[in-house]
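One structure is given below, encoded as structure tokens.
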Amino acid sequence: MKKTALVACLLALGGVMATTGALAQDTADGIAEYRAMLGEGGNPAELTEMAGEDLWFETRGPKQASLEQCDLGAGPGVIEGVYARLPRYFEDAGRVMDLESRLIYCMETLQGFERDEIVKTAVSGSGEYASDMESLVAYVVAASRGVTIEVPQDHPMEREAYERGKQIFYFRGGPYDFSCSSCHAVTGQRIRLQDLPNLNEPELAQRAYSSWPAYRVSQGALRTMQWRLRDCFRQQRMPVLKYGSQASVDLITYLAVNASGGQMDAPGLKR
Amino acid sequence: MATRPMRIRAQNKDGVTEVRVLMSHIMETGLRKDADGNVIPAHFIKEVVATCNDKEVLSAQWGPAVSRDPFLSFKFKGGEAGDEVKVTWIDDTGATRTDTTKIR
């Protein structure tokens, strides 16, 4: 009698577990379906791209200049495909830069804006329209859709950035003793219902990297790569990752090089 | 507050025109509170009208339950390449925005 009850109990448990599994699958499917629906011309990131395009050609700042002379790596004003080649070493600045630090550089040198001011307003708050930085990022990134990621590692400083980025990726610290690799160096992990990509696995790294920056539906805003990493640091309870800092550029370099060979498909769409 | 442009696409296929519109709007429900606990006032699109060559093809009354940066997709019979599709929204503060596109 006792045995029968136990078997029934186990069966019931099995049933529950199967349902939970199906539910998780349903949710993942649901998100995929929603993404496909919006992907057909409904990604609100396109609105931010449009705003960014206007901003790129607009004469602004103390020096009254547009960003048409901004060199993102392929010559002044060229934006096609540049995001797939960043971060890279820039001769004029003498250091490796990701898109956002390069845009800050251009806004400083060409338009005469103050760096601190740009950084302060770089991330839009809740209920606000996209910041200038977010709009510009969306515009530039969109021009690399379908381009194969090929981040240069020719200059010694580019290789140094990669090595430092790798160290940061594996560095454990903070009250949780976490590192990026705690979550992102194992395949098949997830946090709540979000799958966590193993960023050392080329295919998974490509899929993750090529879909950022992205419009976050839950925040109603386009979020950039700098924001993504800063938020990862927050979730790890690490000290704040400073916007446009060398550490952030190094980490982006590490992720970008690991994602080489993938095809850019950003701005993407996230939950 | 200045309004931002919409993104409109209209495509005709086998005599049916599919229109897809992305609107840039904050769409506040009036139920949220800010960091200080004050209610953020409602601010949402309440009326949408779409016309094709000045003939009305869609009119809708919206409320605060519609998402931020709304995406609207609809189909209507007729319409030819080159026809002008015009979409207008009016929000609860009286602000309005109109954008147009040509059917492809």
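As they're listed, the protein sequences go chains A and B. Here the first sequence stands for residues 1 to 271, numbered as in my numbering. Here the second sequence stands for residues 1001 to 1104, numbered as in my numbering. Just so you know, even glycine gets a beta-carbon here, dropped at the ideal spot from N, CA and C. Only a predicted model underlies this, so the values are computations on that prediction, with no experimental measurement involved.
For a contact defined as C-beta to C-beta under 9 angstroms, what are the partners of L47 (chain A) on chain B?
R1004, P1005, M1006, R1007, L1022, M1023, S1024, D1069
How many angstroms separate the CA atom of P44 (chain A) from the CA atom of M157 (chain A)?
37 angstroms
R237 (chain A) versus E1047 (chain B) - alpha carbon distance:
45 angstroms
Checking the sheet assignment: what are the DSSP bridge partners for N1038 (chain B)?
Per DSSP, none; premise fails for N1038 (chain B).
Buried or exposed: where does M295 (chain A) fall if 16 or more other Cβ atoms within 10 Å of its Cβ makes it buried?
A question about residue 295 (chain A) goes unanswered here, because the residues of chain A that appear run from 1 up to 271.
Measuring only the C-alpha atoms, how far is D98 (chain A) from V1019 (chain B)?
37 angstroms
Against chain A: residues of the region 1032 to 1046 of chain B by CB proximity under 7 angstroms:
I1040
I want to check one thing, is the minimum distance from the CB of L86 (chain A) to the heavy atoms of the ligand SAH below 7 angstroms?
The ligand content of the structure shown is nil, which means the ligand SAH is not present either.
Which word fits T19 (chain A), buried or exposed, when buried means at least 16 other C-beta atoms lie within 10 angstroms of its C-beta?
Only weak support exists for where T19 (chain A) lies, its pLDDT of 46 falling under 50; the value from the coordinates is given anyway. Exposed: under 16 other Cβ atoms inside 10 Å.
Sequence-distant residues of its chain with Cβ nearer than 6 angstroms to V1039 (chain B) (five each side left out):
K1033
In the structure shown, what three-state DSSP assignment does M133 (chain A) receive?
helix
What's the C-alpha gap between I1045 (chain B) and E49 (chain A)?
22 angstroms
Rounded to whole angstroms, what's the CA-CA distance from E163 (chain A) to A65 (chain A)? Just pull it up for me.
37 angstroms
Check each residue of the region 1069 to 1090 of chain B: if its Cβ is closer than 8 angstroms to any Cβ of chain A, include it; give the result in chain order.
D1069, F1071, S1073
Which residue comes first and which comes last in the beta strand (DSSP E) that contains Q275 (chain A)?
Residue 275 (chain A) lies beyond the residue range present for chain A, which begins at 1 and ends at 271; the question has no answer from this structure.
Using 8 angstroms as the threshold, is the C-beta distance between L255 (chain A) and A205 (chain A) below it?
yes
Below 8 angstroms on the Cβ atoms is my guess for A266 (chain A) versus P213 (chain A); work out the distance and round it to an integer in Å.
6 angstroms
Outcome for I118 (chain A) when other beta-carbon atoms lying within 10 angstroms are tallied against a minimum of 16:
buried
In three-state terms, what does DSSP make of A259 (chain A)?
coil
Using the beta-carbon of each residue, which ones in chain B are nearer than 8 angstroms to G42 (chain A)?
R1020, L1022, F1071, S1073
Nearest candidate by alpha-carbon position, reference P87 (chain A), set A:A130, A:N258, A:S260, A:V249
A:V249
Inter-residue spacing [alpha-carbon to alpha-carbon] between I149 (chain A) and R85 (chain A):
6 angstroms
Close Cβ partners of L55 (chain A) (< 7 angstroms) along its chain, the five nearest in sequence each way excluded:
D132, S135, L136
On the premise that G220 (chain A) lies in contact with D1092 (chain B), defined as a C-beta separation below 8 angstroms, what is that separation, rounded to the nearest angstrom?
Not really, about 18 angstroms apart at Cβ, beyond 8 angstroms.
E1056 (chain B) CB to nearest chain A CB: under 8 angstroms?
no
Name the residue from A:C106, A:P175, A:G61, A:E46 whose alpha carbon lies nearest to the alpha carbon of G75 (chain A).
A:C106
At the level of alpha carbons, what is the spacing between G73 (chain A) and Q167 (chain A)?
26 angstroms
Partners in chain B for M50 (chain A), counting only beta-carbon separations shorter than 7 angstroms
P1005, R1007
Which of the three DSSP states, helix, strand or coil, is assigned to H1043 (chain B)?
strand
DSSP beta-bridge partners of F178 (chain A)
A:G173
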